[in-house]
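First residue of the sequence shown: 425, per our numbering; consecutive thereafter.
Inspection log for the structure reproduced underneath, given as structure tokens.
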Amino acid sequence: QSPVLFQMPEFIDPTTPQDALTRTGFDSLPYDLVFSDEFTTPGRSFYPGDDPFWEAVDLWYGATGDIEWYDPSQVTTRDGALVITMDSADTLTAGLTPGSTAPFTLAENHGLTYRSGMLQSWNKACFTGGYIEVSVVLPGPNAEAKGYWPGAWTMGNLARPGYAATTDGMWPYTYNTCDVGTYPNQTDKDGLGPAAALHSDASRSKYNYELSWLSGQRLSACSCPNSDHPGPSTSVGRGAPEIDIFEAEHAKDTPTGHVVSQSAQFAPFTADYSFGTATADQWTIYTPNVTRANDYKGSAVQQAVSGIVSLRDDMFQGSGKRFTTLGKFLSYGVVSFRFCVFGFLGHVCGYGSRGTSPPSRTSTWTSNVDVWHPICATQRHSGIDRPLQLAPR
């Protein structure tokens, strides 16, 4: 149970429905709700220091070369939901949409045409395992909308998304062995091997078809005694892997429709970014009518395991505004990932392992972390470096 303390923020939103407080997991184990936020209070501010669990960033997200500036003024609550507004410098009339901060000039927007928002729970609220769900309406007129890339995703709390000095050498590492997997570019110290790191047909020309361009694991199991390391020991490898609840976009492999990518990104990498899919313990798709494996398995900056899930047309702003809940499950024992499309619940909630799940909860796919074996490594990936922060955009 989560205690109610005088003048302290509550981890479970009082407006969360009673039937969402417990559930039976896909593993048949009971789970208790440990955090929720329904965003029902209107006009919330997420400027730094204004909210106990969330903070809207004020930055350009250079890691993906975004064409918008993330501004706290674009994030608020309205009509019982969290609202992130995207504006354009080309909009010359004020108040065209609720929450719009247009008009503004390029100079007033750091030289960028678009302005949007990203909310982070970094160092405020972290997720260590179990189920996490978000209920969303996506931008655009319908499932044929293009140009948007909304998402809700988690990253290890040892790095902060958008702050490159914190992510360099941290993202997306999750490794606990002292060997070549921790080295820059995943090559030997002399840079002459192994062969699978020097050339990968699955890499890209802009990376010279080299397997990895990462700078090396900053907090590796090779760390020297008394070095700057968060523990529990300098011999324990730490990192900041990324596990995406969803990233939405128009389908690339079909002419029509919208999809979400539900994925996880790790380092170090396997040869040609390959991973086991031969058995149900390694890889399972539960809803082949709407789910397929993602052909993208990585590049020189990340290895990815990902499923693509087709979306309904009624969950967009212009075609129904129907909140749809997407989620993921991170197990506590043998580390595996299960991605899910659920029924309609609260807006953000997490369940910790300790009633019955609505029948509309449906798994899309699952994968076991044991299927990744980095090249020239003495052990497989060690599992997820918890805790994880949440970052919707």
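Don't be surprised by glycine CBs; every beta carbon is placed ideally from N, CA and C.
Remember, predicted model here, so these are calculated numbers, not experimental data.
Residue i to residue j, Cα distance in whole Å?
{"i": "residue 693", "j": "residue 661", "result": "15 Å"}
{"i": "residue 792", "j": "residue 623", "result": "27 Å"}
{"i": "residue 473", "j": "residue 538", "result": "25 Å"}
{"i": "residue 555", "j": "residue 517", "result": "43 Å"}
{"i": "residue 647", "j": "residue 590", "result": "17 Å"}
{"i": "residue 582", "j": "residue 544", "result": "13 Å"}
{"i": "residue 637", "j": "residue 483", "result": "25 Å"}
{"i": "residue 447", "j": "residue 668", "result": "22 Å"}
{"i": "residue 434", "j": "residue 588", "result": "32 Å"}
{"i": "residue 445", "j": "residue 458", "result": "8 Å"}
{"i": "residue 684", "j": "residue 578", "result": "15 Å"}
{"i": "residue 494", "j": "residue 453", "result": "39 Å"}
{"i": "residue 709", "j": "residue 676", "result": "20 Å"}
{"i": "residue 643", "j": "residue 610", "result": "15 Å"}
{"i": "residue 443", "j": "residue 652", "result": "45 Å"}
{"i": "residue 465", "j": "residue 502", "result": "8 Å"}
{"i": "residue 759", "j": "residue 550", "result": "With a pLDDT of 43 at residue 759, under the threshold of 50, the predicted position of this residue should be treated as unreliable, though the coordinate-derived value follows. When rounded, the distance between both Cα atoms is 18 Å."}
{"i": "residue 460", "j": "residue 697", "result": "36 Å"}
Let me make sure I understand the geometry here. Which of the options has the alpha-carbon closest to that of residue i?
{"i": "residue 722", "options": "635, 560, 790, 746", "result": "635"}
{"i": "residue 736", "options": "681, 715, 716", "result": "681"}
{"i": "residue 645", "options": "628, 496, 599, 612", "result": "599"}
{"i": "residue 546", "options": "712, 476, 614", "result": "476"}
{"i": "residue 560", "options": "616, 746, 513, 480", "result": "746"}
{"i": "residue 485", "options": "584, 726, 695, 548", "result": "584"}
{"i": "residue 699", "options": "711, 715, 542, 720", "result": "720"}
{"i": "residue 497", "options": "526, 520, 550", "result": "526"}
{"i": "residue 727", "options": "665, 707, 463, 534", "result": "665"}
{"i": "residue 413", "options": "650, 551, 639, 540", "result": "Nothing about residue 413 can be read from this structure; the chain reaches only from 425 to 817."}
{"i": "residue 691", "options": "580, 553, 536", "result": "580"}
{"i": "residue 751", "options": "489, 461, 670", "result": "670"}
{"i": "residue 574", "options": "558, 672, 502", "result": "672"}
To the nearest whole angstrom, what separates the beta carbons of residue i and residue j, a pair I think is in contact under 8 Å?
{"i": "residue 715", "j": "residue 729", "result": "Incorrect: roughly 13 Å between the Cβ atoms, too far for contact."}
{"i": "residue 814", "j": "residue 576", "result": "7 Å"}
{"i": "residue 480", "j": "residue 499", "result": "4 Å"}
{"i": "residue 663", "j": "residue 689", "result": "Their Cβ separation, rounded to whole angstroms, is 11 Å, which puts residue 663 and residue 689 out of contact at 8 Å."}
{"i": "residue 687", "j": "residue 718", "result": "7 Å"}
Could you check whether the Cβ of residue i sits closer than 7 Å to any heavy atom belonging to the ligand PLP?
{"i": "residue 656", "result": "This structure lacks the ligand PLP, and indeed carries no ligand of any kind."}
ask   = Three or more beta-carbon pairs under 8 Å between the segment 562-573 and the segment 650-668, yes or no?
value = no
task = Run through the segment 663-731 for me and flag every whole beta strand (DSSP E) of 3 or more residues, listed as ranges in chain order.
result = 666-674, 682-690, 707-709, 715-717
message = As an exercise, report each continuous alpha helix (DSSP H) stretch of at least 4 residues that is fully enclosed by the segment 591-657, in chain order.
response = 619-622
inquiry  = Report the start-end ranges of each alpha helix (DSSP H) in the segment 427-457 that is 4 residues or longer and not cut off at the edges.
reply    = Whole alpha helix (DSSP H) segments, 4+ residues: zero.
Contact between the segment 604-616 and the segment 497-517 (3+ Cβ pairs under 8 Å) = Contact fails: fewer than three Cβ-Cβ distances are below 8 Å.
task = Only counting runs of 4 or more residues, tell me where the alpha helix (DSSP H) segments fall wholly within the segment 532-601, in order along the chain.
result = 588-591
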